[in-house]
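Asks:
Protein chains: 2
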Amino acid sequence: MARRDLYPSRVSEKASISERKDPIIHNEEAYKQGPLSKSELDFYEENGYIMLEKFFDDTQLNMMKQELQYTMDNNRDRDSDEVIKEPSSNEIRSIFEVHKDGGFFEKLSQNERLVNICEQILGTQVYINQSRINFKPGFKGKEFYWHSDFETWHVEDGMPRMRALSCSIILTDNYEYNGPLMLVPGSHKWYVSTAGETPDENYKSSLQQQEVGVPDNQSMEWLVKQAGGRIDRATGPAGSVLLFESNTMHGSAGNISPYPRSNVFFVYNSIKNKLEQPFSGKDPRPEFVANRENVKPIEPVRNLSYSSKY
Amino acid sequence: MARRDLYPSRVSEKASISERKDPIIHNEEAYKQGPLSKSELDFYEENGYIMLEKFFDDTQLNMMKQELQYTMDNNRDRDSDEVIKEPSSNEIRSIFEVHKDGGFFEKLSQNERLVNICEQILGTQVYINQSRINFKPGFKGKEFYWHSDFETWHVEDGMPRMRALSCSIILTDNYEYNGPLMLVPGSHKWYVSTAGETPDENYKSSLQQQEVGVPDNQSMEWLVKQAGGRIDRATGPAGSVLLFESNTMHGSAGNISPYPRSNVFFVYNSIKNKLEQPFSGKDPRPEFVANRENVKPIEPVRNLSYSSKY
Chain S
1 MARRDLYPSR VSEKASISER KDPIIHNEEA YKQGPLSKSE LDFYEENGYI
51 MLEKFFDDTQ LNMMKQELQY TMDNNRDRDS DEVIKEPSSN EIRSIFEVHK
101 DGGFFEKLSQ NERLVNICEQ ILGTQVYINQ SRINFKPGFK GKEFYWHSDF
151 ETWHVEDGMP RMRALSCSII LTDNYEYNGP LMLVPGSHKW YVSTAGETPD
201 ENYKSSLQQQ EVGVPDNQSM EWLVKQAGGR IDRATGPAGS VLLFESNTMH
251 GSAGNISPYP RSNVFFVYNS IKNKLEQPFS GKDPRPEFVA NRENVKPIEP
301 VRNLSYSSKY
Chain P
1 MARRDLYPSR VSEKASISER KDPIIHNEEA YKQGPLSKSE LDFYEENGYI
51 MLEKFFDDTQ LNMMKQELQY TMDNNRDRDS DEVIKEPSSN EIRSIFEVHK
101 DGGFFEKLSQ NERLVNICEQ ILGTQVYINQ SRINFKPGFK GKEFYWHSDF
151 ETWHVEDGMP RMRALSCSII LTDNYEYNGP LMLVPGSHKW YVSTAGETPD
201 ENYKSSLQQQ EVGVPDNQSM EWLVKQAGGR IDRATGPAGS VLLFESNTMH
251 GSAGNISPYP RSNVFFVYNS IKNKLEQPFS GKDPRPEFVA NRENVKPIEP
301 VRNLSYSSKY
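So the sequence lines, in the order shown, correspond to chains S and P. For the first sequence, the positions run 1 to 310 when full-length UniProt numbering is used. For the second sequence, the positions run 1 to 310 when full-length UniProt numbering is used.
(1) Identify, in the order they occur along the chain, each residue of the same chain with its Cβ nearer than 7 angstroms to the Cβ of Phe266 (chain S), setting aside the five sequence neighbours on each side.
(2) Among P:Asp5, P:Leu61 and P:Ser148, which one has its Cα closest to the Cα of Ser187 (chain P)?
(3) If you draw a straight line from the C-alpha of Asn116 (chain S) to the C-alpha of Gly34 (chain S), how long is it?
(4) Need the endpoints of the beta strand (DSSP E) that His250 (chain S) sits in, please.
(5) Could you tell me the distance, in whole angstroms, from the CA atom of Leu224 (chain P) to the CA atom of Gly251 (chain S)?
(6) Please classify Ala2 (chain S): is it buried, with 16 or more other beta-carbons within 10 angstroms of its beta-carbon, or exposed?
(7) Is it true that the CB of Glu106 (chain S) sits closer than 8 angstroms to the CB of Gly254 (chain P)?
(8) Quick one, are the C-beta atoms of Leu183 (chain P) and Gly48 (chain P) less than 8 angstroms apart?
(9) Using CA coordinates, which residue listed in P:Asp42, P:Lys204 and P:Asp173 is at the minimum distance from Gly236 (chain P)?
(10) Does Gly251 (chain P) have its Cβ less than 8 angstroms from a Cβ in chain S?
(11) Against chain P, does Asn90 (chain S) count as a neighbour if the rule is that its beta carbon must be under 8 angstroms from one of theirs?
(12) Would you kindly report the start and end of the unbroken alpha helix (DSSP H) that includes Leu223 (chain P)?
(13) Taking the CB atoms as reference points, tell me whether Leu171 (chain S) and Leu243 (chain S) lie closer together than 8 angstroms.
(14) So, is Thr59 (chain P) buried or exposed, given that buried needs 16 or more other C-beta atoms within 10 angstroms?
(15) Compute the Euclidean distance between the alpha carbons of Ser270 (chain P) and Ala234 (chain S), then round it to the nearest angstrom.
(16) Are the C-beta of Arg113 (chain S) and some C-beta of chain P separated by less than 8 angstroms?
(17) Please list the segments of the alpha helix (DSSP H) lying wholly inside the segment 46-91 of chain S, counting only runs of 4 or more residues, in order along the chain.
(18) With distances taken Cα to Cα, identify the nearest neighbour of Arg302 (chain P) among P:Asn111, P:Phe55 and P:Tyr175.
(19) Using the Cα positions of Gly158 (chain P) and Gln277 (chain P), report the straight-line distance between them to the nearest angstrom.
(20) In this structure, does DSSP put Tyr268 (chain S) in helix, strand or coil?
(21) Quick one: any contact between the segment 216-230 of chain P and the segment 21-40 of chain P, if contact means 3 or more CB pairs under 8 angstroms?
(22) Using a Cβ-Cβ cut-off of less than 9 angstroms, give me the residues of the segment 254-285 of chain S that come near chain P, in sequence order.
(23) Determine the burial state of Asn74 (chain S): buried for a count of at least 16 other Cβ atoms within 10 Å of its Cβ, exposed for fewer.
(24) Would DSSP call Asn178 (chain P) helix, strand or coil?
(25) Roughly how many angstroms lie between the CA atoms of residue 311 (chain S) and Asn202 (chain S), to the nearest whole one?
(26) Do you know whose CA, among P:Asn247, P:Lys282, P:Ser240 and P:Ala290, lies nearest Lys62 (chain P)'s CA?
(27) Quick one: which chain P residues come within Cβ less than 9 angstroms of Ile231 (chain S)?
(28) Do you know offhand how far Glu245 (chain S)'s Cα is from Thr124 (chain S)'s?
(29) Using DSSP's beta-bridge definition, name the partner residues of Cys167 (chain S).
(30) Indicate the three-state DSSP secondary structure (helix, strand or coil) for Ser13 (chain S) in the structure shown.
(31) For Ser89 (chain P) and Ile133 (chain P), I'd like the C-alpha separation in whole angstroms.
(32) Relative to the C-alpha of Asp216 (chain S), which candidate in P:Ala238, P:Ser257, P:Met249 and P:Arg76 has its C-alpha closest?
(33) Quick one: which residues of the segment 134-152 of chain S get their C-beta closer than 8 angstroms to a C-beta of chain P? List them in chain order.
(34) Could you tell me the alpha carbon to alpha carbon distance between Ser193 (chain S) and Arg76 (chain S), rounded to whole angstroms?
(35) Taking Pro137 (chain S) and Pro300 (chain S) to be in contact with their CB atoms under 8 angstroms, please state how far apart those CB atoms are, rounded to whole angstroms.
(36) Is the distance from the Cβ of Ile231 (chain P) to the Cβ of Met64 (chain P) below 8 angstroms?
As structure tokens, this is what we get:
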């Protein structure tokens with residue numbers, strides 16, 4: 001029997017918008033449980049994101065920055081799929097799968113304070129579906145156009161339901177003027193089925209610049225209108241953590257300011273929402289962007305400490 | 001005898017920064033005279049710009065928007081140097097020389113309230129050195145990299161001194177998230193001599209995307225540092241007027257929001273600062289970007305009214 005697709009996309013020449021079919025907080029008792037308060041959960045449910053200011057203190061922040069630099073330096077001359085470079089130069093923009101480094105970032109991905117929040121929202125134990133460190137240089141950071149992560153994860157990776165969230169640990173101050181992530185509040189409540197079809201091995205170019213799975217202008221206008229015209233920006237000091245729902249429409253403008261931006265990015269998925277065959281009918285994307293091998297719930301780890309490399 | 005060049009640029013392989021050699025307010029009695037108040041003049045002198053919120057009322061604003069639309073429609077199929085289109089499409093981005101349209105925008109450029117402010121700051125009668133209407137579409141408005149207008153006007157047009165200002169009449173609300181103009185406060189007090197040499201007919205590509213006359217990263221970092229790390233954005237409601245000094249370093253990120261941006265742009269120059277031969281030694285740029293024919297001081301006009309086309 002054919003599998004039912006709750007969120008079809010890239011199946012028609014015409015885009016369309018439908019209602020979300022999953023809860024946002026997957027746990028009716030979440031507000032009793034913590035660590036997020038009722039008002040924090042309400043904000044997340046309403047807007048599809050929440051910024052937790054100064055979640056990590058300066059000692060932890062410095063540790064993360066050093067480990068990021070170390071990992072960047074180690075990968076500079078590596079030519080590998082996990083290392084994504086700027087379209088027009090050889091500079092590193094992202095390194096994927098850092099949660100399997102057997103060291104600092106693996107431990108960070110298991111951080112108890114983060115994992116507890118994800119379990120609270122997703123209502124089950126969780127695992128890392130994707131991870132990366134991002135480096136957006138000053139002066140020439142490229143824009144990233146609007147997209148819903150879930151749309152890609154569903155179509156290209158076979159994530160069945162909206163039961164995942166992204167966690168961005170901000171390692172540099174995010175200002176209005178250095179290309180902060182922009183989010184359309186409330187957009188996670190709607191699913192934009194995009195026009196077109198997924199090409200083979202789409203991920204090879206889409207990690208640099210997305211061409212399919214991109215919402216049409218009319219849908220974007222509609223989403224911004226339902227938000228009362230608002231587009232929010234994830235500004236805040238280094239050490240803050242941005243959590244956003246898998247289906248929240250987001251993007252970022254370029255960065256011509258001298259200020260670079262870097263962050264650590266973990267996607268937490270419910271252990272009940274493991275990847276299946278891609279709904280596109282194409283081959284799955286590789287393991288480094290969408291984990292499906294040996295998936296096990298995270299055992300939370302309390303403390304952060306330098307990797308043994310130091 | 002060789003002419004003395006107070007602001008050499010594009011003459012070396014190495015960039016450098018020097019102090020401004022001209023006043024910012026060219027009139028010691030300016031504060032006694034109005035229309036700008038002492039505190040407004042002080043802000044302009046210190047920061048190199050000032051935003052005059054809701055300078056035009058809604059009736060005047062609607063008139064300007066209709067006239068802009070009319071002019072855009074009239075030029076859509078015109079293939080002319082004055083009509084600048086997006087690099088990657090046929091959409092109009094700017095139309096130059098609107099202050100010679102014999103109609104609405106000519107009268108607007110002579111608007112008494114604007115002209116009085118320019119005379120107050122520049123200390124003499126003024127004329128229009130360049131004008132244009134700009135349209136930056138939603139979703140795909142391109143970035144414009146950092147630059148000092150004066151650097152180009154001096155090198156390519158032969159403007160001898162820093163005694164001009166730009167006036168941008170904002171016809172659409174400018175938000176943090178639709179690619180507002182960004183300015184480095186205080187940058188007008190320093191002159192960045194950029195590296196390289198001016199190619200022949202540089203204006204043909206530089207009006208779409210500037211490649212020479214672009215400040216180096218080190219100079220930009222220095223300028224932002226002297227500003228205490230600040231980069232200001234010209235946000236504000238439609239009808240506001242942004243005035244900025246000829247040498248203020250400015251640029252804008254791209255615009256992926258659904259909100260388009262349009263404005264009317266006039267460059268007022270002191271009648272004592274008329275264009276000479278370009279300091280690059282090359283041919284002057286054409287009249288439509290740098291007026292040198294029949295230059296006369298503006299006779300201010302009191303009222304705004306629709307062009308006879310309506």
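Virtual Cβ for every residue (Gly too), placed ideally from N, Cα, C. None of these values were measured; they are calculated from a predicted model.
Replies: Straight from the coordinates:
(1) Closer than 7 angstroms at the Cβ level, and outside the excluded window around Phe266 (chain S), lie His99, Ser109, Ile128, Ser131 and Cys167.
(2) P:Ser148
(3) 8 angstroms
(4) His250 to Ser252
(5) A small fix is needed here, since residue 224 (chain P) is Val in this sequence, not Leu. Roughly 26 angstroms between the two C-alpha positions.
(6) exposed
(7) no
(8) yes
(9) P:Asp173
(10) At least one chain S Cβ lies under 8 angstroms of Gly251 (chain P).
(11) no
(12) Asn217 to Gln226
(13) no
(14) exposed
(15) Distance between Ser270 (chain P) and Ala234 (chain S), taken at the CA atoms: about 43 angstroms.
(16) Arg113 (chain S) is outside the set of residues whose beta carbon lies under 8 angstroms from a beta carbon in chain P.
(17) 58-75
(18) P:Asn111
(19) 5 angstroms
(20) Of the three classes helix, strand and coil, the one that applies to Tyr268 (chain S) here is strand, per DSSP.
(21) no
(22) For the segment 254-285 of chain S, the set of positions with a beta-carbon nearer than 9 angstroms to some beta-carbon of chain P reads Gly254, Asn255, Ile256, Ser257, Pro258 and Tyr259 in chain order.
(23) exposed
(24) coil
(25) This structure does not reach residue 311 (chain S), given that chain S is present from 1 up to 310, and the question cannot be answered.
(26) Lys is not the amino acid found at residue 62 (chain P); the sequence shown has Asn there. Among P:Asn247, P:Lys282, P:Ser240 and P:Ala290, the Cα nearest to that of Asn62 (chain P) belongs to P:Ser240.
(27) Chain P residues near Ile231 (chain S): Tyr175, Glu176, Tyr177, Asn178, Ser257, Pro258 and Tyr259.
(28) 16 angstroms
(29) S:Leu243 and S:Phe266
(30) Looking at the sequence itself, residue 13 (chain S) is Glu, so the reference to Ser does not match. The answer is coil: DSSP assigns Glu13 (chain S) none of H, G, I, E or B.
(31) 18 angstroms
(32) P:Ser257
(33) Per Cβ criterion, the list reads Gly138, Phe139, Glu143, Tyr145 and Trp146.
(34) 37 angstroms
(35) Pro137 (chain S) to Pro300 (chain S), Cβ: 34 angstroms. No contact.
(36) no
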